[in-house]
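Beneath this line is the structure, given in structure tokens, with notes to follow.
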Amino acid sequence: MDDKFDVIIIGGGIAGCTSALLLARAGVNVLLLERAEQAGGKNISGGRLYSYSLETILPGFALSAPIERQITQEKLSLLTGETSVTMDYRHPEFAQDATSYSVLRARFDPWLMEQAQNAGAQCLTGVQVDALIQENGTVCGVQIGEDRLDARVVVLAEGANSLLAEQHQLVKKPQPHTMGVGVKEVLALPRSRLEERFSLENDRGAAWLFAGEAIAGKAGGGFLYTNRDTLSIGLVCNLSVLSHGKNALPQMLENFKQHPLLRPLLKETELLEYGAHLIPEGGLNALNPPFGAGYLIAGDAAGFCVNAGHTVRGMDLAVISAQAVADTLTTALQKDDFSAASLAAYQTHLENSTLWAVLKQYRSLPDTLLQNPRYFAEYPQMTSDILRELFEINRHPAPPLRSILWKHARKAGLMTLFKDLLRGARSL
Amino acid sequence: MKTEVKLSKNHYVIDENQPHIIPADHPDRQILQQLVNVCPAGLYQLNQDGSLSFDYHGCLECGTCRLLCDEKTLARWRYPAAGYGITFRFG
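Chain order of the listed sequences is A and B. So the first sequence is residues 7 to 434, counted in the numbering used here. So the second sequence is residues 167 to 257, counted in the numbering used here.
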């Protein structure tokens, strides 16, 4: 196989497969290379796909794609060691473009790759790219062992741990504080029992996030998604916070699962798989230029991910960046111009997209919210204390609510509380 | 549940001849302690004499350890060769 391809895409995740799909549709000779034996074999996500962006490319995809459940319940819990405060929101029966689904990537990605193949993309799995080939400072192919494959342009969609891009100095190695690590267990639970336990009907599902003691009061949180007959449960923690803390990540996950709120939910489940993944959470301020002579970078590899505390968004943004890849390259291929100046159109396409609006909106979040321990330790404790006083009935007369609130607000420091509220609200 | 038990549920094809991660000979102890904390698979263990026990079997290929150090701590970090390493069946 020594043909020259128009485009070689490295990585068969959401960004890679969607780019391949769109380019093939536009009649481009595109080759996608994935290192796992099967698409999704090396991929893992917390497990929730916001569908609006993929919906524009594959309308009604959820009817045939192997999704798990449509999420109709949102829960958010603040944990202390013993207690929990939970907010529970149920979506109305809603419009098609505002839906989200729990997914398992080893099931979902092969389907997405198949859509790319059906559109005419060539997809090879079990292929490890060792290096990029650069001539006169322009990326023009990939090296696989002794073999060389030429391309007019290369798309790097190799994920958050972007070895190739770093190896060729296309991006800087991420600073630990701009990255999180997620660990996740997939637990089997018979369908009927799962639906009973989480009060679910008709393939609907729940997304549940946890802050506070979930990770020992550190910046980060826990998550739980209901799948068809499994649960995805895990933790996300910022790398610099974690590495300088006292607790090892696997132990934190064990503690989390033993919390009185979680333990009954996980009863009689069986562990099927244990995985981990890096999560870019530095936001807009941590991005490298996602293009250069002969190459574009998409999805997690480009840092297109947002950890907003109440949600982590990566897969929907990966789809948007794939759209920008396709728009940029169809034009560049027509002009036969793959210089950095020509491919800078990628930046423009990105900046005109929802992806950029989202990144801009949460620009200051990594620095304020995620680095302020009060949001993760003191405020969950304070909320819990207030509710405890409200609900605890004993032989003493209950204090009025206003005096409970006032007492705890004063304890936290009125100015600090006010500033944190304002800062938190601004960064969201 | 112990992490080794969790890892035993995963599907791996181990490349016995080619470790994809190799610690350096004299790594910095402080950085090692960080790797002990962060590795989701618990593959880094400090012995009582301060030496490092490391086992690349069971690696989840997340790259967390790679981000926290350079070649002074890890002499090699690459993905297992095609066909080797973890295969997620759920993901």
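Every residue, glycine too, gets a C-beta built ideally from N, C-alpha and C. All values derive from a computational prediction rather than experimental measurement.
Asked, Found
"Buried/exposed call for N176 of chain B, threshold 16 Cβ in 10 Å", "buried"
"Extent of the continuous beta strand (DSSP E) run through V109 of chain A", "Neither: V109 of chain A is in no beta strand (DSSP E) and is coded neither H nor E."
"Members of the stretch 181 to 213 of chain B that neighbour chain A once the beta carbon cut-off is set at 9 Å", "I197, Q199, Q200, L201, V202, N203, V204, C205, P206, A207, G208"
"Beta-carbon proximity check, H316 of chain A vs L85 of chain A, cutoff 7 Å", "no"
"Buried or exposed by the 16-neighbour rule on C-beta atoms within 10 Å, applied to K172 of chain B", "buried"
"The stretch 159 to 170 of chain A touching the stretch 300 to 312 of chain A, judged by at least three CB pairs closer than 8 Å", "yes"
"Q329 of chain A burial status per 10 Å Cβ neighbour count (16 or more: buried)", "buried"
"Inter-residue CB distance, A350 of chain A and M388 of chain A (contact presumed, cutoff 8 Å)", "No, A350 of chain A and M388 of chain A are not in contact; Cβ-Cβ is about 48 Å, not under 8 Å."
"P72 of chain A and F114 of chain A closer than 7 Å at C-beta", "yes"
"Own chain residues within Cβ distance below 8 Å of A299 of chain A, not counting five before or after", "G143, T144, V145, F344, S345, A346, L349"
"Residues near D8 of chain A by beta carbon distance below 6 Å, same chain, minus five either side", "Residue placement at D8 of chain A is flagged as unreliable, the pLDDT there being 49, under the threshold of 50; a coordinate-derived value is accordingly withheld."
"CA-to-CA distance, S57 of chain A to I239 of chain A, given in whole angstroms", "21 Å"
"Chain-ordered neighbours of N167 of chain A on chain B, where CB pairs are closer than 9 Å", "E227, C228, G229, T230, R232, L233, Y245"
"Members of the stretch 38 to 53 of chain A near chain B, C-beta cut-off 9 Å", "R41, A42, E43, Q44, G46, G47, K48, N49, I50, S51, G53"
"Given T275 of chain A as reference, the closest of A:T232, A:I410, A:G226, A:V325 once Cα atoms are compared", "A:T232"
"Stretch-stretch touch, CB-based, cutoff 8 Å, three pairs: the stretch 184 to 203 of chain B with the stretch 249 to 256 of chain A", "yes"
"Under 7 Å between C-beta atoms of V364 of chain A and S59 of chain A", "no"
"Strand pairing of E276 of chain A, partner residues [DSSP]", "A:A194"
"beta-carbon A431 of chain A near the ligand MN non-hydrogen atom, thresh 6 Å", "Ligands in the displayed structure: none, and consequently the ligand MN is not present."
"Members of the stretch 263 to 284 of chain A that neighbour chain B once the beta carbon cut-off is set at 8 Å", "L277, L278, E279, Y280, G281, A282, H283, L284"
"Close beta carbons around P246 of chain B, own chain, < 6 Å, minus the five adjacent residues each side", "D181, H186"
"Beta carbon proximity, Q134 of chain A to chain B, threshold 7 Å", "yes"
"Any chain B beta carbon closer than 7 Å to V189 of chain A", "yes"
"Residues that G251 of chain A contacts on chain B, provided the C-beta gap is smaller than 9 Å", "N203"
"Local conformation of T253 of chain B per DSSP, three classes", "strand"
"Backbone CA spacing between G208 of chain B and R369 of chain A [nearest angstrom]", "33 Å"
"With 16 other Cβ atoms within 10 Å as the buried cut-off, status of G53 of chain A", "buried"
"Exposed unless 16 or more other CB atoms sit within 10 angstroms - verdict on N358 of chain A", "exposed"
"Beta strand (DSSP E) runs wholly inside the stretch 28 to 96 of chain A, at least 3 long, in chain order", "36 to 40, 54 to 56, 75 to 85, 90 to 96"
"Integer Cβ distance of T24 of chain A from I63 of chain A, believed to fall under 8 Å", "6 Å"
"Neighbour-count burial assignment, T239 of chain B, 16 or more Cβ in a 10 Å radius", "buried"
"Closer than 8 Å at the beta carbon, the chain B residues around T236 of chain A", "F256"
"Closer than 8 Å at the beta carbon, the chain A residues around G249 of chain B", "E43, G132"
"Residues that N313 of chain A bridges to, as DSSP identifies them", "A:V318"
"Span separating the alpha-carbon of L155 of chain A from that of G251 of chain B", "24 Å"
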